[in-house]
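*Asks:* Residue numbers for the sequence shown follow our numbering, beginning at 2 and rising by one. For glycine and all other residues, C-beta sits at the position ideal for the given N, C-alpha and C.
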Amino acid sequence: MKYLYKYPQAAFPYAGLVEANRRRGRRDPEFELLESGLFEDNRYFDVTVEYAKATPEDICIRIQAVNRGPEPAELTLLPTLWYRNTWAWGSDIRRPRFRQGEPLEQASVIETVHDYYGLRRLLCENRPTLLFTENDTNTRRLYGDSQGARYVKDSFHDYVVQGDKDAVNPDRLGTKAAAHYVLTLAPGATATVRLRFTNEERGPGFGRQEFDAVFDARIREADEFYDQLAPAGLSDDARRVQRQAFAGLLWSKQFYHYDVSRWLKGDPGMPEPPRERLRGRNADWTHLYNADVISMPDKWEYPWYAAWDLAFHCIPLALVDPTFAKDQLVLMLREWYMHPNGQIPAYEWAFGDVNPPVHAWAAWRVYKIEKKRKGIGDRRFLERVFHKLLLNFTWWVNRKDAEGKNIFQGGFLGLDNIGVFDRSAPLPTGGHIEQSDATSWMGMYCLNMLAIALELARDNRAYEDVASKFFEHFVYICRAMNNIGGEKIELWDREDGFFYDVLHLPDGKTLHMKVRSMVGLIPLFAVETLDSDLVDSLPRFKHRMQWFIENRQDFAQHVETQSHDGGVRRFLSLVNRDRLRSVLRYMLDEKEFLSPYGIRALSRHHKDHPYVLSIMGREHRVGYEPAESGTGLFGGNSNWRGPVWFPVNYLLIESLQKFHYFLGDQYRVEYPTGSGRQADLWQVAGELSRRLTHIFLRNPDGRRPVFGGADRFQRDPHWRDHLLFYEYFHGDNGAGVGASHQTGWTGLVAKLIQQSGE
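(1) Kindly indicate which three-state DSSP category tyrosine 477 falls into: helix, strand or coil?
(2) If you reduce the DSSP assignment to three classes, tell me which class glutamate 491 lands in.
(3) Below 8 Å on the Cβ atoms is my contact criterion, and I expect tryptophan 44 with glycine 70 to pass it. Report the Cβ-Cβ distance as a whole number of Å.
(4) Using DSSP with H/G/I as helix, E/B as strand and the rest coil, what is histidine 181?
(5) To which residues of the same chain is tryptophan 720 closer than 6 Å at the C-beta, ignoring the five residues directly before and after it?
(6) For proline 304 and lysine 752, I'd like the C-alpha separation in whole angstroms.
(7) Is it a yes or a no for the stretch 41 to 57 touching the stretch 20 to 30, going by three-plus beta-carbon pairs under 8 Å?
(8) Given a cut-off of 9 Å, decide if leucine 82 and phenylalanine 198 are closer than it, judged by their beta-carbon atoms.
(9) For cysteine 125, list the residues DSSP reports as bridge partners.
(10) Near lysine 166, which residues of its chain fall below 8 Å by C-beta distance, leaving aside the five closest residues on each side in sequence?
(11) Indicate whether serine 469 and leucine 575 have their beta-carbon atoms separated by less than 9 Å.
(12) Does the ligand NAP have a heavy atom nearer than 8 Å to the CB of threonine 324?
(13) What's the C-alpha gap between proline 597 and tryptophan 746?
(14) Using the C-alpha atoms, what's the distance from leucine 105 back to alanine 326?
(15) Give a yes or no on whether the C-beta atoms belonging to proline 269 and tryptophan 90 are separated by under 9 Å.
(16) Taking the alpha carbon of asparagine 342 as the point to measure from, which residue in Glu349, Gly353 and Leu332 has its own alpha carbon closest?
(17) By how many angstroms is the C-alpha of valine 355 removed from the C-alpha of valine 528?
(18) Count the other CB atoms within 10 Å of the CB of proline 761; is the residue buried (16 or more) or exposed (fewer)?
(19) Can you check which of these residues, Ala363, Arg692 and Arg517, is closest to arginine 642 by C-alpha distance?
(20) Return the CA-CA distance between asparagine 723 and threonine 694, expressed in angstroms with no decimal places.
(21) What are the partner residues of histidine 621, as DSSP defines its beta bridges?
(22) Exposed or buried, what is asparagine 650 when buried is set at 16 or more other beta-carbons lying within 10 Å of its beta-carbon?
(23) Identify whether lysine 470 lies in helix, strand or coil by the three-state DSSP scheme.
(24) Starting from asparagine 291 and walking both ways along the beta strand (DSSP E), at which residues does that stretch end?
(25) Are there 16 or more other CB atoms within 10 angstroms of the CB of arginine 366, so buried, or fewer, so exposed?
(26) Please give me, in chain order, every unbroken run of the alpha helix (DSSP H) with length at least 4 that falls completely inside the stretch 549 to 604.
(27) In the structure shown, what three-state DSSP assignment does tyrosine 651 receive?
(28) Helix, strand or coil for tyrosine 160, going by three-state DSSP, please let me know.
(29) Determine the closest residue to tryptophan 362 out of Tyr625, Phe313 and His340, with distance taken between C-alpha atoms.
(30) Contact check, valine 194 vs isoleucine 64 under 8 Å by CB: the rounded distance?
(31) Determine the direct distance from the alpha carbon of glutamate 51 to that of arginine 173, and round the result to whole angstroms.
(32) Take tyrosine 446 as the anchor and find which of Asp609, Val359, Leu132 and Ile62 has the nearest alpha-carbon.
(33) Quick one: measure Cβ to Cβ for glutamate 671 and glutamine 658, integer angstroms, because I've assumed they're closer than 8 Å.
(34) Within its chain, find whatever has a CB closer than 8 Å to the CB of phenylalanine 663; leave out the 5 residues flanking it on each side and keep chain order.
(35) If distances are taken between C-alpha atoms only, which option among Thr287, Trp286 and Lys266 comes closest to glutamate 277?
(36) Between valine 421 and alanine 319, what straight-line distance do the alpha-carbon atoms span, to the nearest angstrom?
Spelled out as structure tokens, the structure:
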């Protein structure tokens, strides 16, 4: 593994960033670090850190620093080891120790003997000075505690920056240790530092032939491994994009520890927390105990996991490490994660928020990806997740179908503020919203669970009955979307030919909130085809399904049958072929949803024609904005009304492929809308995939849309090939928006490249 850190030679402009952003309003772009002048004249170091294993417990480390600036410059490197501080919790955990070991001819040595890990040594080439301190909080600085520890976690800062040589432990002992290298580099010069973290008591060393041979072998093996995931004929640039997308996912794994019960009460050895914490966030999640390596959306600023982000992570991860991908999905459903009522935890700051129910889809996709690659599916994994997903499905039915009408009110559901209201909060109008997206997610959930149950029924006929249950529930959702509670209220607007949320007011009146957004496209996700070779082998399921088809006439428009290879193919979808054509007319219109870089979250139609809802003396307005939004509905960088969003685009591509599987080449639509050109749905899916991947690929003029107007990223040879996988993307020009380092679900581009190339 390998990473690059661009380290400026001037002081980091903390105050300047704050002041510059303070002067900017909501309509101004965020002030970026490159605008501060910090990297002018290339006054920075490129620091590349590489890890290669000689054995599972012998890790070679190579650090290369390059001075990109025009003058000689000094760089301090502090390769550091530390023990995670668990001894401060007031328990009887024994404090471990690093100490200075016997130096070797060419290396200083930091060593430790641990009760569990045994002997570990860090060999530091060229015998640098070793520094030792404790990984303890500086209570003197924070709390004015005159009796606080002398050697603390920020002692190395005082030693290096403040020049306080007494800040580190002269006995060369501690729970934190570093090798202190001071390098002076001429313009363009490179310095290399070699280290080795090993469990071997004697040697190994830094013989260039042997040490570098380890790197050569591991690099060759890694190249061979990733080459298998790249389609034949893929350009070097596209290979680079795919490889870096995988790397972002692999780097963003992190150990995460959160014991909610202990956090609410406070650690025994620390000051007592405020009493209101016991009634604050996550107070009803006292069962939750996280102590695992988890795939993070963002581990750079503040590590946290998001359950639905993680489900998308697992799709590309299944290509490089299917065991880890499966374990992650199982983990989110374990009893120390999932609430006893069946809810999956959303994210640290509000476990009780509601994310879209995508874990059944992710589990089914990971199962099929591994089966395709290995020739055999992991039925044990599929069965494990299925049983826990039954609990979660029941939670959705009991908690989010407020009126028992098979229409769901999921709330936030990850769609931030493309709607009229904050759906996680009580409505200012009173009443509630019948959500097109929540109901459609549940339709998709039903079909995912149906597919899993049918697969498991191949070996265990007991799953036939539960498969019938999910088929039946899908039938009821189809009926409800077209006749809520038998009141002839539809989520489908017949005049516009599109799906909308329906607002229920306290006086019983209802209205379609006609915002053309991703809310109206999510019904496309609920689509599945059942082939006769499977259905005919499960007679009880077939009998029950046939009864519904014959006796529920209002369901007939959501199921089709066709003869295929001597059998019958059955097609289930919330969106029948006629409504599909109408929805796609909007989705594939470049004046509406279709961007050069994928499908926008909100129709561009609303740029000149904002949706306005005047109710109770107040005007609520939704207008298209291709990047950050001017509204303060959610705060932070969650304000967006229109950018391209990778995970839902990925699901749209999959759905179009499923529609094509049944409808075939003869079902064609105008693409783009208004062009007069016809395409089948497989071709449309491929074109959407191409638009998404080309966010990252160089154009003929050498520019990458993802980097927008950042000229240094576009032109500088030391920057232009180092990609950032943003949270979402500008709806008109493809520039990265939001968190630049949130590799997470945008890593799906690696899977798109693997299955579709460029």
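*Replies:* Concretely, from the data shown:
(1) Start at 1 with the first residue of the sequence shown, and residue 477 comes out as number 476. Note: tyrosine 477 maps to helix in three-state DSSP.
(2) Within the sequence shown, the letter at position 490 stands for residue 491. Coil at glutamate 491, not helix or strand.
(3) The sequence position of residue 44 within the sequence shown is 43, counting from 1. The sequence position of residue 70 within the sequence shown is 69, counting from 1. Looking at the sequence provided, one finds arginine at residue 44 rather than tryptophan. Contact flag correct, Cβ pair sits at about 4 Å.
(4) On the sequence shown, position 180 is the one that residue 181 refers to. Strand.
(5) Looking up residue 720 in the sequence shown gives position 719. Closer than 6 Å at the Cβ level, and outside the excluded window around tryptophan 720, lie Arg713 and Phe714.
(6) Within the sequence shown, residue 304 is the residue found at index 303, counting from 1. Within the sequence shown, residue 752 is the residue found at index 751, counting from 1. C-alpha separation (whole angstroms): 24 Å.
(7) no
(8) Locating residue 198 in the sequence shown gives position 197, counting from the first residue. Locating residue 82 in the sequence shown gives position 81, counting from the first residue. Cβ distance < 9 Å, so phenylalanine 198 and leucine 82 count as in contact.
(9) Taking the first residue of the sequence shown as position 1, residue 125 is located at position 124. Partner(s): Ser109 and Leu196.
(10) Taking the first residue of the sequence shown as position 1, residue 166 is located at position 165. So the list reads Tyr160, once near-sequence residues are dropped.
(11) On the sequence shown, residue 469 is found 468 positions in, with the first residue counted as 1. On the sequence shown, residue 575 is found 574 positions in, with the first residue counted as 1. Not a contact, by the Cβ cut-off of 9 Å.
(12) With respect to small molecules bound, the structure shown includes none, and the ligand NAP cannot be examined in it.
(13) Within the sequence shown, numbered from 1, the residue matching residue 597 stands at position 596. Within the sequence shown, numbered from 1, the residue matching residue 746 stands at position 745. Going from the Cα of proline 597 to the Cα of tryptophan 746 covers about 20 Å.
(14) Here residue 326 refers to the residue found at position 325 when the sequence shown is read from its first residue. Here residue 105 refers to the residue found at position 104 when the sequence shown is read from its first residue. Rounded to the nearest angstrom, the two C-alpha atoms are 42 Å apart.
(15) Taking the sequence shown and counting its residues from 1, the one referred to as residue 269 is at position 268. Taking the sequence shown and counting its residues from 1, the one referred to as residue 90 is at position 89. Yes, these two residues count as a Cβ contact at 9 Å.
(16) Taking the sequence shown and counting its residues from 1, the one referred to as residue 342 is at position 341. Nearest option by C-alpha distance: Gly353.
(17) Taking the first residue of the sequence shown as 1, we reach residue 528 at position 527. Taking the first residue of the sequence shown as 1, we reach residue 355 at position 354. Roughly 23 Å between the two C-alpha positions.
(18) Beyond the ends of the chain as shown, which are 2 and 759, falls residue 761; an answer cannot be given.
(19) Indexing the sequence shown from 1 puts residue 642 at position 641. Checked all of Ala363, Arg692 and Arg517; the closest Cα to arginine 642 is Arg517.
(20) Numbered from 1 along the sequence shown, position 722 holds the residue referred to as residue 723. Numbered from 1 along the sequence shown, position 693 holds the residue referred to as residue 694. Correcting the residue identity first, residue 723 is histidine in this sequence and not asparagine. For histidine 723 and threonine 694, the distance between alpha carbons rounds to 16 Å.
(21) In the sequence shown, residue 621 corresponds to position 620, counting from 1. Leu614, per the DSSP bridge assignment.
(22) Position 649 of the sequence shown, counted from the start, is the residue given in the question as residue 650. By the 10 Å Cβ count, asparagine 650 comes out buried.
(23) Against the sequence shown, residue 470 aligns to sequence position 469. DSSP places lysine 470 in helix when its eight states are reduced to three.
(24) Here residue 291 refers to the residue found at position 290 when the sequence shown is read from its first residue. Start and end: 290 to 296.
(25) As a working note, residue 366 is residue 365 in the sequence shown. So arginine 366 ends up on the buried side.
(26) 578 to 588
(27) The residue you call residue 651 lines up with position 650 of the sequence shown. Note: tyrosine 651 maps to helix in three-state DSSP.
(28) Working through the sequence shown from its first residue, we reach residue 160 at position 159. It is helical.
(29) Along the sequence shown, one-based indexing puts residue 362 at 361. The shortest Cα separation from tryptophan 362 among Tyr625, Phe313 and His340 belongs to Phe313.
(30) Taking the first residue of the sequence shown as position 1, residue 194 is located at position 193. Taking the first residue of the sequence shown as position 1, residue 64 is located at position 63. Indeed they touch by this definition, with Cβ atoms about 4 Å apart.
(31) Within the sequence shown, numbered from 1, the residue matching residue 173 stands at position 172. Within the sequence shown, numbered from 1, the residue matching residue 51 stands at position 50. Cα to Cα, arginine 173 sits roughly 27 Å from glutamate 51.
(32) Taking the first residue of the sequence shown as 1, we reach residue 446 at position 445. If we check each option's Cα against that of tyrosine 446, Val359 comes out closest.
(33) Taking the first residue of the sequence shown as 1, we reach residue 671 at position 670. Taking the first residue of the sequence shown as 1, we reach residue 658 at position 657. So it is not a contact: roughly 19 Å between Cβ atoms.
(34) As a position in the sequence shown, residue 663 is number 662, starting the count at 1. The answer, listed in chain order, is Thr530, Glu561, Gln563, Arg570 and Phe572.
(35) Your numbering for residue 277 matches position 276 in the sequence shown. Here the closest residue by C-alpha is Lys266.
(36) Stepping through the sequence shown from its first residue, residue 421 is reached at position 420. Stepping through the sequence shown from its first residue, residue 319 is reached at position 318. The straight-line gap from Cα to Cα measures roughly 37 Å.
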